[in-house]
Amino acid sequence: MLDQLKEIEGRALEQLSRAASLEDLLALEQGFLGKKGELQLVLRGMGALSKEERPAVGAAANELKLRLEGALAERRSALQAAALARELADPGFDPTLPGPAPRMGLPSAGALHPMTLVVRELEDIFSSMGYTICDGPEVELEHYNFNALNIPQHHPARDTQDTFFVRHPRAGKAQPSGRVADGASDLVLRTHTSPVQVRAMERFGPPLRIVAPGRVFRCEQVDASHEHTFYQMEGLVVDREISVAHLIHAMKTLLREIFRRDVEVRLRPGYFPFVEPGFELDARCLFCGGSGCAVCKHSGWIELLPCGLVHPQVLRAGGIDPEQWSGFAFGLGLSRLVMLRYGIRDIRLMTGGDLRFLQQFR
Ligand code: DAH
Numbered sequence: 019m020l021d022q023l024k025e026i027e028g029r030a031l032e033q034l035s036r037a038a039s040l041e042d043l044l045a046l047e048q049g050f051l052g053k054k055g056e057l058q059l060v061l062r063g064m065g066a067l068s069k070e071e072r073p074a075v076g077a078a079a080n081e082l083k084l085r086l087e088g089a090l091a092e093r094r095s096a097l098q099a100a101a102l103a104r105e106l107a108d109p110g111f112d113p114t115l116p117g118p119a120p121r122m123g124l125p126s127a128g129a130l131h132p133m134t135l136v137v138r139e140l141e142d143i144f145s146s147m148g149y150t151i152c153d154g155p156e157v158e159l160e161h162y163n164f165n166a167l168n169i170p171q172h173h174p175a176r177d178t179q180d181t182f183f184v185r186h187p188r189a190g191k192a193q194p195s196g197r198v199a200d201g202a203s204d205l206v207l208r209t210h211t212s213p214v215q216v217r218a219m220e221r222f223g224p225p226l227r228i229v230a231p232g233r234v235f236r237c238e239q240v241d242a243s244h245e246h247t248f249y250q251m252e253g254l255v256v257d258r259e260i261s262v263a264h265l266i267h268a269m270k271t272l273l274r275e276i277f278r279r280d281v282e283v284r285l286r287p288g289y290f291p292f293v294e295p296g297f298e299l300d301a302r303c304l305f306c307g308g309s310g311c312a313v314c315k316h317s318g319w320i321e322l323l324p325c326g327l328v329h330p331q332v333l334r335a336g337g338i339d340p341e342q343w344s345g346f347a348f349g350l351g352l353s354r355l356v357m358l359r360y361g362i363r364d365i366r367l368m369t370g371g372d373l374r375f376l377q378q379f380r
């Protein structure tokens, strides 16, 4: 039997050295080492050997198996190296050419969404003015989204913000806010970023300066200028004796930074239950300078942001004494700002995920 093994080894090594392809190697591997290979056939005959002979034959067979496996691996890498060398030597092969473009021509590093670009720029501007950047939950307690902002359950101001109420297992039971709606749920997808005002007051106490960018939701009929999902940035300053003059100064500074020039502004009265007085701030049209164009609908002014002095009820809801402190707040419509900035005409592009749109912002 030992002779038989020797004979197999000789033949295997000789055939291996002549194998010209990986397929040849595979066939040899199966022929010699496979389940029905020659080595197995020999081992099957071991039952006929005497007890004394068996260990020696077993050991020899194992060693042979290892040697053949080694030889196979060696031959395999030699063949692979040869194949690569042939490919490189091919005059038609240019290793400096780029590989196939990943994901429809987008660079693999990706690109930033125009909203991200604008939010980052605004965060830089506000941090440089000493504001803290805050975050708030997108699924919000009705308390923060409405009640604490001086919009109680049956207030008509709720009608202006069509709301997605959230069904949840604890609906109707007491929430951390301690308040429960008489409706089915006291959780809503926040309709604006204003709830972060009260959360920030509770968390930091006065004096404070914050901005809170984020995603908001309304149950809207979607068209080119209405989306159910859009972005706002809330601003809030609470300090001693804050007046409308502070508000105007902060807004003018903000606009100068964003548009990199002085922007003329005007205030019109505007009603929001959480500010008193409340305003709509308009900017002299950035496109025509005020002479009238399609963007400003020939009025010379663009409605930019609602703002006002924080209502005493809201300060109280945030645990701040309105006799001691006052504040101003503003709500920047980020989706609108991004659209103005980049000349985007359809708001649906902002959340549509269309790569042809997204690729344009680098
Ligand atoms: N949260 C309001 C909305 O989405 C906008 C707003 C108005 C925010 C006045 C403010 C403000 O901070 O002072 O309709």
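Numbering-wise (the working numbering), the sequence shown opens with residue 19 and increments by one. Yeah, the Cβ is synthetic: ideal placement off N, Cα and C, and Gly gets one too.
Just to check, is the beta-carbon of residue i closer than 7 Å to a non-hydrogen atom of the ligand DAH?
| i | result |
| --- | --- |
| Gly370 | no |
| His210 | yes |
| Gly326 | yes |
| Gln377 | no |
| Val3 | Any property of residue 3 remains undetermined from this structure, which presents the chain solely from 19 to 380. |
| Gly349 | yes |
| Glu156 | no |
| Gly296 | yes |
| Phe17 | Given a span of 19 to 380 for the chain in the structure shown, any question on residue 17 remains unanswerable. |
| Glu259 | no |
| Val293 | yes |
| Glu321 | no |
| Glu245 | no |
| Phe290 | yes |
| Glu238 | no |
| Glu252 | yes |
Report buried or exposed for residue i, applying the criterion of at least 16 other Cβ atoms within 10 angstroms of its Cβ.
| i | result |
| --- | --- |
| Phe235 | buried |
| Thr114 | exposed |
| Pro194 | Confidence at Pro194 is low in this model, with a pLDDT of 48, below 50, so its placement is unreliable and no value can be given for it. |
| Val356 | buried |
| Phe111 | exposed |
| Pro73 | exposed |
| Arg62 | exposed |
| Thr209 | buried |
| Asn163 | buried |
| Gln215 | buried |
| Ser344 | buried |
| Arg374 | exposed |
| Glu71 | exposed |
For the beta strand (DSSP E) containing residue i, list its first residue and its last residue.
| i | result |
| --- | --- |
| Gln250 | Thr247 to Asp257 |
| Phe182 | Neither: Phe182 is in no beta strand (DSSP E) and is coded neither H nor E. |
| Pro330 | Taken as a continuous stretch (DSSP letters only), Pro330 belongs to no beta strand (DSSP E), being part of the alpha helix (DSSP H) at Pro330 to Ala335. |
| Arg227 | Leu226 to Phe235 |
| Ala45 | Run containing Ala45: none in the beta strand (DSSP E); it sits in the alpha helix (DSSP H), Leu40 to Leu51. |
| Arg351 | Here the sequence assigns Gly to residue 351, which means Arg is not the residue at that position. Note, Gly351: beta strand (DSSP E), Ser344 to Gly351. |
| Val157 | Val157 to Leu159 |
| Leu67 | Here Leu67 belongs to no beta strand (DSSP E), and DSSP marks it neither H nor E. |
| Val206 | Leu205 to Leu207 |
Determine the extent of the alpha helix (DSSP H) in which residue i is found, giving its start and end residues.
| i | result |
| --- | --- |
| Arg380 | Element bounds for Arg380: n/a, residue is neither H nor E. |
| Ile26 | Leu20 to Arg36 |
| Pro213 | Pro213 to Phe222 |
| Leu167 | Leu167 -> no alpha helix (DSSP H), and no H or E assigned at all. |
| Leu59 | Glu56 to Arg62 |
| Gly381 | Only positions 19 to 380 of the chain appear in this structure, which leaves residue 381 out of reach. |
Determine, for residue i, whether the minimum Cβ-Cβ distance to residues of chain D falls below 8 Å.
| i | result |
| --- | --- |
| Gln22 | Chain labels in this structure do not include chain D; a single protein chain is all it has. |
Handout entry: Contiguous beta strand (DSSP E) assignments of at least 3 residues, all confined to the segment 265 to 322
Key = 283 to 287 and 293 to 302
Exercise for the section: May I ask you to verify whether the segment 238 to 249 touches the segment 350 to 363, counting CB pairs closer than 8 Å and requiring at least 3? Expected result: yes
Problem - Length at least 4, wholly inside the segment 85 to 151: the alpha helix (DSSP H) runs in chain order - result: 132 to 146
Exercise for the section: Decide yes or no for the touch test of the segment 215 to 222 against the segment 129 to 141: beta carbon pairs closer than 8 Å, at least 3 of them. Expected result: By the criterion of at least three beta-carbon pairs nearer than 8 Å, the segment 215 to 222 is not in contact with the segment 129 to 141.
Exercise for the section: For the segment 84 to 102 and the segment 34 to 48, state whether three or more C-beta atom pairs, one from each stretch, are separated by less than 8 Å. Expected result: Yes: at least three Cβ pairs fall under 8 Å.
Handout entry: Cβ contact (3+ pairs, closer than 8 Å) linking the segment 284 to 292 and the segment 250 to 259
Key = no
Exercise for the section: Check whether the segment 322 to 332 touches the segment 256 to 266, counting contact only when three or more Cβ pairs, one atom from each stretch, lie closer than 8 Å. Expected result: They touch, by the three-pair rule.
Practice task
Please confirm if the segment 161 to 175 is in contact with the segment 265 to 277, defined as three or more CB-CB distances below 8 Å between the two stretches.
Solution key: no
Problem - Touching by the beta-carbon criterion (3+ pairs, under 8 Å), the segment 303 to 311 and the segment 333 to 342 - result: Verdict: no, contact absent.
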